[in-house]
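Asks: I'd like to ask you about the structure that follows.
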Amino acid sequence: MTDVPAPASPPFRPSMLIYDRRYRSLTFQVIVFILVMAAAWWLVDNTIRNLALMGKNFNFGFLFQRAGYDIPQTPIPYTSDDTHLRATVVGLLNTLIVSILGCISATILGVIVGVARLSKNWLFARLMTVFVEIFRNMPLLLWILIVYAIFTEILPTPAAYRGENPEWSMIFFDHVALTNRYTALPTLAMTNDPGSLDLGARVTFNWATIAFATVLIGGLLARRAIKAWAQRVQDRTGDRPTTWWINLAIMTIPSLLLIWHFGLHLERPALTGFNFTGGLNVSNALVALWLALTLYTAAFIAEIVRAGILAVSRGQTEAAFALGLRPNRTMNLVILPQALRVIVPPLISQYLNLMKNSSLAIAVGYMDLRGTLGGTTLNQTGRELEAIVLMMLIYLILSLIISAGMNVFNASVKLKER
Amino acid sequence: MTKTVFLGTVAAVALTTGAALAQEGSTLQQVQQRDELNCGVNTGLVGFAAPDASGNWTGFDIALCRAVAAAVLGDPNKVRFVPTTGQTRFTALSSGEVDVLARNSTWTFSRDTDLALDFVGVNYYDGQGFMVNRELGVTSAKELDGATVCIQTGTTTELNLADYFRANNLSYTPVNIDSNAEGEQQYMAGACDAYTTDVSGLAATRAAFADPENHIILPEIISKEPLGPAVRHGDNNWGDIVRWTLNALVAAEEYGVTSRNLEELVRSSTNPEVQRLLGTTDDLGAMLGLDAEWARRAILAGGNYGEIFAANIGEQTPIGLARGLNAQWTQGGLLYAPPFR
Numbered sequence: 003m004t005d006v007p008a009p010a011s012p013p014f015r016p017s018m019l020i021y022d023r024r025y026r027s028l029t030f031q032v033i034v035f036i037l038v039m040a041a042a043w044w045l046v047d048n049t050i051r052n053l054a055l056m057g058k059n060f061n062f063g064f065l066f067q068r069a070g071y072d073i074p075q076t077p078i079p080y081t082s083d084d085t086h087l088r089a090t091v092v093g094l095l096n097t098l099i100v101s102i103l104g105c106i107s108a109t110i111l112g113v114i115v116g117v118a119r120l121s122k123n124w125l126f127a128r129l130m131t132v133f134v135e136i137f138r139n140m141p142l143l144l145w146i147l148i149v150y151a152i153f154t155e156i157l158p159t160p161a162a163y164r165g166e167n168p169e170w171s172m173i174f175f176d177h178v179a180l181t182n183r184y185t186a187l188p189t190l191a192m193t194n195d196p197g198s199l200d201l202g203a204r205v206t207f208n209w210a211t212i213a214f215a216t217v218l219i220g221g222l223l224a225r226r227a228i229k230a231w232a233q234r235v236q237d238r239t240g241d242r243p244t245t246w247w248i249n250l251a252i253m254t255i256p257s258l259l260l261i262w263h264f265g266l267h268l269e270r271p272a273l274t275g276f277n278f279t280g281g282l283n284v285s286n287a288l289v290a291l292w293l294a295l296t297l298y299t300a301a302f303i304a305e306i307v308r309a310g311i312l313a314v315s316r317g318q319t320e321a322a323f324a325l326g327l328r329p330n331r332t333m334n335l336v337i338l339p340q341a342l343r344v345i346v347p348p349l350i351s352q353y354l355n356l357m358k359n360s361s362l363a364i365a366v367g368y369m370d371l372r373g374t375l376g377g378t379t380l381n382q383t384g385r386e387l388e389a390i391v392l393m394m395l396i397y398l399i400l401s402l403i404i405s406a407g408m409n410v411f412n413a414s415v416k417l418k419e420r
Numbered sequence: 003m004t005k006t007v008f009l010g011t012v013a014a015v016a017l018t019t020g021a022a023l024a025q026e027g028s029t030l031q032q033v034q035q036r037d038e039l040n041c042g043v044n045t046g047l048v049g050f051a052a053p054d055a056s057g058n059w060t061g062f063d064i065a066l067c068r069a070v071a072a073a074v075l076g077d078p079n080k081v082r083f084v085p086t087t088g089q090t091r092f093t094a095l096s097s098g099e100v101d102v103l104a105r106n107s108t109w110t111f112s113r114d115t116d117l118a119l120d121f122v123g124v125n126y127y128d129g130q131g132f133m134v135n136r137e138l139g140v141t142s143a144k145e146l147d148g149a150t151v152c153i154q155t156g157t158t159t160e161l162n163l164a165d166y167f168r169a170n171n172l173s174y175t176p177v178n179i180d181s182n183a184e185g186e187q188q189y190m191a192g193a194c195d196a197y198t199t200d201v202s203g204l205a206a207t208r209a210a211f212a213d214p215e216n217h218i219i220l221p222e223i224i225s226k227e228p229l230g231p232a233v234r235h236g237d238n239n240w241g242d243i244v245r246w247t248l249n250a251l252v253a254a255e256e257y258g259v260t261s262r263n264l265e266e267l268v269r270s271s272t273n274p275e276v277q278r279l280l281g282t283t284d285d286l287g288a289m290l291g292l293d294a295e296w297a298r299r300a301i302l303a304g305g306n307y308g309e310i311f312a313a314n315i316g317e318q319t320p321i322g323l324a325r326g327l328n329a330q331w332t333q334g335g336l337l338y339a340p341p342f343r
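Chain order of the listed sequences is A and B. Per my numbering, residue 3 is the first one in the first sequence, and the count goes up by one each step. Per my numbering, residue 3 is the first one in the second sequence, and the count goes up by one each step.
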């Protein structure tokens with residue numbers, strides 16, 4: 003055998019950038035990079051030139067000017083004398099309120115519908131199919147408008163509750179009034195108000211709220227400790243002590259004591275003048291938006307849940323049955339834990355969608371971030387570019403936070419491979 | 003595949019850029035090249051700007067657009083009406099989507115300066131008021147404590163409302179709505195106790211109700227709302243054209259020039275001011291970059307200011323607005339066209 007000399011690599015020629023497989027991908031990457039940068043540069047340059055042409059500049063000073071307009075729903079104290087920045091924060095909180103409410107209710111409804119769609123009851127399963135297909139296949143905006151219109155046109159004005167023999171009367175033992183403007187709910191009032199914790203910027207937390215939260219968290223921790231203790235006793239003696247009454251006592255007695263201490267009671271709304279006062283008026287805009295977002299997103303979540311359950315092979319169920327597990331426990335201990343790892347990643351997308359879809363609030367005049375910063379503030383100050391850029395940034399950050407949070411949750415439920 | 007899509011996008015962006023850059027040049031040239039005037043108007047306010055049963059736009063603001071189109075393009079029908087909401091109107095103007103905005107817009111300091119608009123004049127002196135159902139038994143805005151009030155977002159009325167209730171130490175719940183039609187629907191359903199906007203707008207809205215007699219406009223006028231056409235900053239010649247078209251309509255009424263006697267006055271008038279207005283002496287049109295007969299066409303489009311007012315919102319129409327502040331200065335009103343010379 004004779005040594006075959008390695009062929010000398012040919013000298014580099016520019017055409018090799020295209021024809022030589024070793025360089026080709028690099029060439030294209032460089033070209034695409036340059037084009038992307040050029041496009042970005044063009045966008046920025048075009049914006050700057052056109053702003054100059056219109057005699058406008060780019061600054062966020064308007065956020066610190068007086069807003070001058072009122073907002074119907076203010077989670078933190080706000081008057082028209084406050085700044086546009088505070089109006090923006092109010093809008094952001096309103097976005098968060100409807101998004102969080104929507105995510106919770108859509109998940110509950112979605113899981114129920116998704117599981118029900120797999121039910122052996124033919125009629126029930128088909129009804130759920132109809133639900134999913136109706137709500138999934140029509141634009142969300144239409145649903146929001148339909149729900150809102152139903153509230154506005156069918157429910158009575160507050161005046162219908164007036165007089166000796168009113169046309170409408172309050173429901174739930176005279177505590178709740180449905181009107182075409184809002185639902186008047188009773189509020190919690192205290193005879194023995196402990197005052198509030200001032201967080202600055204006129205944001206306050208009532209001490210009673212903090213006390214209840216502390217008691218609740220303490221109760222949950224105590225329950226865990228008791229469970230661990232019961233486990234230890236069971237391991238040692240083989241008998242598990244009865245703990246349900248201890249748990250019940252831990253969860254209820256401290257709360258009842260607090261209720262007695264603060265003199266907590268319901269204050270029912272009363273019709274004075276044009277509107278109900280003294281209670282909490284939840285505007286129909288919020289309820290309509292929440293309901294529409296819930297129904298629409300629940301239809302998608304139902305499909306995700308169904309897909310997740312179907313992804314767990316039938317053999318798992320049979321194996322669980324063979325071990326003597328009842329159907330209920332099979333679902334809870336075998337199927338759902340495995341289904342969750344299929345369900346959670348697409349669920350994240352649904353939560354993100356819901357939060358972004360909540361910006362359709364503008365259609366019913368619910369003052370969310372789009373309604374304050376992207377609506378009235380933008381209009382009164384004429385700072386379109388700044389307001390839109392800021393709004394995009396806020397939505398982006400919100401999405402990233404939700405995404406990060408759900409990814410942590412996903413990591414905890416996904417299949418742990420060893 | 004991805005790269006093809008990307009290159010396609012870049013090409014599309016590049017093409018739109020070309021189109022955007024071609025828009026530069028004076029507004030007059032653009033309008034003449036396009037042979038059409040883009041006029042931003044209300045989405046629907048009977049008497050001011052609303053499409054009629056056959057889809058033709060009519061109204062007080064529409065007439066001004068038509069007059070400008072007649073002066074510039076020679077044909078009052080060469081107008082494309084762009085319906086804008088309270089929220090989109092100024093963006094539509096500053097982005098060049100419309101050439102002139104005639105949409106019951108209030109002339110304010112910040113809009114004139116910070117929003118980079120030029121209000122070229124006032125075509126209607128208005129003020130903000132409240133409309134309520136007669137059943138409520140309310141006779142004054144001061145009795146509206148605790149009421150729910152429908153309000154169009156993005157308007158000066160929103161700020162006036164907040165200021166008025168604050169100054170009078172009254173509370174209220176705003177219901178934010180996007181257009182007059184939506185406001186009407188909410189008000190009629192009783193979702194708000196009172197509807198607030200400019201009194202002219204309230205009268206126009208009420209005229210469209212099935213039972214206008216059951217709704218009253220409260221006596222309080224809580225603000226000054228000089229409504230007028232606006233153009234963009236930076237093109238003074240175009241601003242002059244719109245301003246003097248409006249002035250020509252006002253002056254025509256003052257000098258008794260109507261769409262009916264115009265032809266005759268062109269031949270016979272000996273009043274030098276009328277002669278200059280109608281372009282029979284001194285070529286004022288050339289100073290605007292138009293021909294000598296620009297004002298004749300503007301007046302012929304829909305008549306002089308008084309004729310336009312009477313035909314669209316005057317006392318003979320369902321809207322039934324009195325001239326009031328909008329009478330000529332010689333009649334005790336505020337309309338006062340600068341001299342044509």
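Even glycine gets a Cβ: it sits at the ideal position worked out from N, Cα and C. This structure is a prediction, so every number in the text was calculated from the model and none was measured.
Going by the DSSP bridge assignment, what does L39/B pair with across the sheet?
Replies: The beta-bridge partner set that DSSP reports for L39/B consists of V81/B.
Asks: Identify each residue in the stretch 62-74 of chain A for which the Cβ-Cβ distance to at least one residue of chain B is less than 7 Å, and report them in chain order.
Replies: G70, Y71, D72, P74
Asks: Just reading off the alpha helix (DSSP H) that L146/B is part of, what are its end residues?
Replies: Here L146/B belongs to no alpha helix (DSSP H), and DSSP marks it neither H nor E.
Asks: Hey, D206/B and G49/B: beta-carbon distance below 7 Å or not?
Replies: Note on identity: in this sequence residue 206/B is Ala, with Asp being the wrong assignment. In this structure, G49/B lies closer than 7 Å to A206/B by Cβ.
Asks: Write down the C-beta distance between G112/A and I303/A rounded to the nearest angstrom, noting that I regard them as a contact closer than 8 Å.
Replies: 3 Å
Asks: State buried or exposed for N328/B, treating a residue as buried only when at least 16 other CB atoms are found within 10 Å of its CB.
Replies: buried
Asks: Any idea what DSSP makes of N135/B, helix, strand or coil?
Replies: Note: N135/B maps to strand in three-state DSSP.
Asks: Of all the CB atoms in chain A, is at least one closer than 7 Å to the CB of H217/B?
Replies: It does not: the Cβ of H217/B has no partner Cβ on chain A nearer than 7 Å.
Asks: Taking the continuous beta strand (DSSP E) assigned at S198/A, which residues delimit it?
Replies: 198-200
Asks: If we ignore side chains and look at the alpha-carbon of each, how far apart do F35/A and L19/A end up?
Replies: 16 Å
Asks: Check whether the stretch 292-304 of chain B and the stretch 252-268 of chain B touch, using three or more Cβ-Cβ pairs below 8 Å as the test.
Replies: yes
Asks: Taking CB distances under 7 Å as the criterion, tell me whether M408/A reaches chain B.
Replies: No, its Cβ sits nowhere closer than 7 Å to a Cβ of chain B.
Asks: Please report the straight-line C-alpha distance between T155/B and A196/B, rounded to a whole angstrom.
Replies: 15 Å
Asks: In terms of residues, what are the limits of the beta strand (DSSP E) holding H177/A?
Replies: Premise fails: H177/A is in no beta strand (DSSP E) and is neither H nor E.
Asks: What does the Cβ neighbour count give for I148/A, buried or exposed, with the cut at 16 atoms within 10 Å?
Replies: exposed
Asks: With a 10 Å radius around its C-beta and 16 neighbouring C-beta atoms as the bar for buried, classify V140/B as buried or exposed.
Replies: Result: buried.
Asks: What are the residues in the stretch 170-197 of chain A lying within 7 Å of chain B by C-beta distance?
Replies: N182, R183
Asks: Y368/A and L288/A: beta carbons closer than 7 Å?
Replies: yes
Asks: Pick from T131/A, S101/A, I102/A: whose alpha carbon is nearest that of I114/A?
Replies: T131/A
Asks: Between which residues of its own chain and G123/B is the CB-CB distance below 6 Å, once the five residues before and five after are set aside?
Replies: G230, R245, L248
Asks: Following a CB-centred definition, is M192/A positioned closer than 6 Å to any heavy atom of the ligand SAH?
Replies: Of ligands this structure carries none, so the ligand SAH is not represented either.
Asks: Could you tell me whether the Cβ atoms of V100/A and A301/A are closer together than 7 Å?
Replies: no
Asks: Which residues in the same chain as E38/B place their Cβ atom closer than 6 Å to its Cβ, once the five residues preceding and following it in sequence are excluded?
Replies: K80, R82
Asks: Could you tell me whether the stretch 117-133 of chain B touches the stretch 84-91 of chain A, using the rule of 3 or more Cβ pairs below 8 Å?
Replies: no
Asks: Tell me which residue opens and which closes the beta strand (DSSP E) that E269/A is part of.
Replies: 266-269
Asks: Considering only residues of the same chain and omitting the five flanking positions on each side of I364/A, which have a CB-CB separation below 7 Å?
Replies: Cβ within range, chain order: R372, G373, G377.
Asks: Would you give the residue range spanned by the beta strand (DSSP E) that R234/B belongs to?
Replies: 232-234
Asks: Quick one: which chain B residues come within Cβ less than 7 Å of F276/A?
Replies: The contacting residues are G148, A149, T150, D195.
Asks: What did DSSP end up calling S181/B once you bin it into helix, strand or coil?
Replies: coil
Asks: Any chance the stretch 58-69 of chain B sits against the stretch 336-350 of chain A, with 3 or more Cβ pairs inside 8 Å?
Replies: no
Asks: Going along the stretch 73-97 of chain B in order, which residues come within less than 8 Å of chain A, judged by CB to CB distance?
Replies: Taken in chain order, the members of the stretch 73-97 of chain B whose beta-carbon sits within less than 8 Å of a beta-carbon on chain A are G88, Q89, F92, T93, S96.
Asks: Thinking C-beta only, is A51/B closer than 7 Å to N40/B?
Replies: no
Asks: Please state whether DSSP places L103/B in a helix, a strand or coil.
Replies: strand
Asks: Using 10 angstroms around the beta-carbon of L23/B, count the other beta-carbons present and answer buried if the total reaches 16, otherwise exposed.
Replies: Residue placement at L23/B is poorly supported in this model, since its pLDDT is 41, which falls under 50; the coordinates still yield a value, given next. Per the 10 Å Cβ criterion, exposed.
Asks: Rounded to the nearest angstrom, what separates G42/B and P85/B at their Cα positions?
Replies: 6 Å
Asks: Against G57/A, what residues of chain B qualify as contacts under a CB-to-CB distance less than 8 Å, listed in chain order?
Replies: A118, H235, G236
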